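Asks:
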Amino acid sequence: MYGGLGAFPEGGLDNPYYKVAKEKPSPLSTEFDRAYFDTLVSTSELRKLSLKAFLATEQRIPGLGNGVLQDILFNAELHPKKKVSTLTAAEKTSLFNAVRNTLFSMASKGGRDTELDLFGNPGSYQTILSKNTVNKPCPICGTLIKKEAYMGGSIYYCEKCQRL
Ligand SMILES: [Zn+2]
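Position in the sequence shown counted from 1, then plus 41, gives you the working numbering.
(1) Taking contact to mean at least 3 C-beta pairs separated by less than 8 Å, is the segment 94-108 in contact with the segment 176-184?
(2) Give me the Cα-Cα distance between residue 89 and residue 124, rounded to the nearest whole angstrom.
(3) Which residue wins for smallest C-alpha separation from residue 91, given the options 48, 110, 73 and 80?
(4) Quick check on the contact list: which residues have their beta carbon closer than 6 Å to a heavy atom of ligand 1?
(5) Just reading off the alpha helix (DSSP H) that residue 86 is part of, what are its end residues?
(6) With distance defined between alpha-carbon atoms, name the residue in 153, 86, 197 and 59 nearest to residue 164.
(7) When you compare each of 172, 73 and 85 to residue 142 by their alpha carbons, which one comes out closest?
(8) Does the distance from the CB of residue 170 to the CB of residue 191 come in under 8 Å?
(9) Looking only at its own chain, which residues have a Cβ that is under 6 Å from the Cβ of residue 151, when we skip the five neighbours before and after it?
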């Protein structure tokens, strides 16, 4: 995992991160509303994807990567391998709310406690699922948190709380 701060001249560069950040709404912005989210989950080529691929690859949602994905899916009670096409209306609502609420909470607390800021201080958001909580009890049901290799990274989840 890495983070970066980029400064670009106005008018832009041929840089994929710059382009996405300019073209697609930040999940913390008001443009990232339920209507926009519903368009994403109804796009046919995206419906085939797992939730991890849908949310955290291709910079589809700027700033949403593997590190923040785990707690979003935990809060939505959805499994990282669940397919977008299998989401019920209630699950879509819960996923949309989890994206917004989890990211707002992380941002307002100065980031996750698993990462350091520019001064070397950890954030004060207490990460629910990470390498530090593998094999520890799920805060909801007590089942031990699992770690699995998936799509070139690790996924962490509670097999009881997060529906596949
Ligand atoms: Zn659980």
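Note that beta-carbon positions come from the ideal geometry of N, C-alpha and C, so glycine has one too. The structure displayed is predicted, hence computed values, not measured ones.
Replies: Quick look at the numbers:
(1) Contact fails: fewer than three Cβ-Cβ distances are below 8 Å.
(2) About 6 Å.
(3) The option with the nearest alpha carbon to residue 91 is 110.
(4) Those residues, listed in chain order, are 179, 181, 182, 184, 199, 201 and 202.
(5) Judged by DSSP secondary structure, residue 86 falls within the alpha helix (DSSP H) whose first and last residues are 85-88.
(6) If you compare the alpha carbons of 153, 86, 197 and 59 with that of residue 164, the shortest gap goes to 153.
(7) Nearest to residue 142 by alpha-carbon distance, out of 172, 73 and 85, is 73.
(8) No.
(9) Cβ neighbours of residue 151 beyond the five flanking positions: 164 and 165.
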